[in-house]
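Reading through the structure tokens given below for one structure.
Residue numbers (this note's numbering): 1034 to 1291.
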């Protein structure tokens, strides 16, 4: 093996080790804060209550009601997960220490993001008893359930990347929460048919509401997964948005160092 191959392999190992080290640190930190437990508990209680209410009213053995409620709940609860990502580093005075570590900014960004994603996935896994319950009562469509869970992870992943980026712009956690909730909600409400109709009605010739729905909103892409369809375009949509906001997060970190 050539010397260059050894160097590439060493860099890859160092990168993985750095990302995992940051991710482990951040993941453990979530369980040191009562906000994490409150967020997880409230998210699962509300989403479960919405599902059970619809389930008992309609008697349909599927998880459609649960997954339909997720975009709004995610817009409200994901910011509570990400608001501490960088704001807390600033508040505690550990940002300079973190930046002084022999790690590149993108390594730290990715480590923090993966920790938040793992924590969100753990919360989402708390809904799996619903799947078990449905299978004891009937035969739900497993393909649609799996696709919906994939869409839920991607939707949450997008909001997490947005939240991490906006957390890096503020030294106050509450400001980070409000910013993330506001911006994230725009991605959701632009996909609500009633909102699209109202915005289109303001300037019928421009059809701005329809343009926002087709080009910006997360809803048509997320709803494709909820229908059991995993499309390349929808995967690219979420992948590109996550990549964009993580890159923006790295850029703001580099600027903050000077």
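We put the beta carbon where it would ideally sit given N, CA and C, even for glycine. Computed from a predicted model, the values in this text were never measured in an experiment.
Nearest-angstrom beta carbon gap, residue j and residue i [assumed within contact, 8 Å]
| i | j | result |
| --- | --- | --- |
| residue 1281 | residue 1198 | 5 Å |
| residue 1123 | residue 1204 | 4 Å |
| residue 1104 | residue 1251 | 7 Å |
| residue 1283 | residue 1139 | 5 Å |
| residue 1159 | residue 1255 | About 20 Å; that fails the 8 Å criterion. |
| residue 1206 | residue 1121 | 7 Å |
Closest Cα partner of residue i within the set the options
| i | options | result |
| --- | --- | --- |
| residue 1155 | 1130, 1143, 1173, 1182 | 1182 |
| residue 1200 | 1049, 1268, 1113, 1064 | 1113 |
| residue 1056 | 1118, 1084, 1110 | 1118 |
| residue 1085 | 1172, 1260, 1074, 1098 | 1098 |
| residue 1048 | 1077, 1071, 1137, 1157 | 1137 |
| residue 1068 | 1285, 1127, 1277, 1111 | 1111 |
| residue 1095 | 1127, 1164, 1222, 1108 | 1164 |
| residue 1248 | 1266, 1234, 1202 | 1266 |
| residue 1072 | 1091, 1107, 1211 | 1107 |
| residue 1222 | 1131, 1186, 1253, 1196 | 1253 |
| residue 1174 | 1224, 1083, 1093, 1202 | 1093 |
| residue 1157 | 1078, 1263, 1121, 1246 | 1078 |
| residue 1287 | 1081, 1202, 1074 | 1202 |
| residue 1054 | 1143, 1075, 1126, 1102 | 1143 |
Span of the alpha helix (DSSP H) around residue i
| i | result |
| --- | --- |
| residue 1252 | 1252 to 1259 |
| residue 1214 | 1206 to 1222 |
| residue 1114 | 1097 to 1115 |
| residue 1166 | 1161 to 1170 |
| residue 1118 | Neither: residue 1118 is in no alpha helix (DSSP H) and is coded neither H nor E. |
| residue 1064 | Premise fails: residue 1064 is in no alpha helix (DSSP H) and is neither H nor E. |
| residue 1241 | 1241 to 1248 |
| residue 1132 | 1128 to 1133 |
| residue 1196 | 1175 to 1200 |
| residue 1226 | 1226 to 1235 |
| residue 1157 | 1138 to 1158 |
Neighbour-count burial assignment, residue i, 16 or more Cβ in a 10 Å radius
| i | result |
| --- | --- |
| residue 1145 | buried |
| residue 1273 | exposed |
| residue 1230 | exposed |
| residue 1167 | buried |
| residue 1227 | exposed |
| residue 1188 | buried |
| residue 1141 | buried |
| residue 1271 | buried |
| residue 1212 | buried |
| residue 1278 | buried |
| residue 1052 | buried |
Pairing CB atoms from the stretch 1234 to 1241 with CB atoms from the stretch 1211 to 1220, are three or more of them under 8 Å?
-> The stretch 1234 to 1241 and the stretch 1211 to 1220 do not touch, with fewer than 3 CB-CB distances between them shorter than 8 Å.
Segment contact, 8 Å Cβ cut-off, at least three pairs: the stretch 1059 to 1069 with the stretch 1133 to 1153 | Contact holds: three or more Cβ-Cβ distances are below 8 Å.
Assess, as a yes-or-no matter, whether the stretch 1171 to 1180 is touched by the stretch 1257 to 1267 under the definition of 3 or more beta carbon pairs within less than 8 Å.
-> Contact between the stretch 1257 to 1267 and the stretch 1171 to 1180 is present, because at least three Cβ pairs lie under 8 Å.
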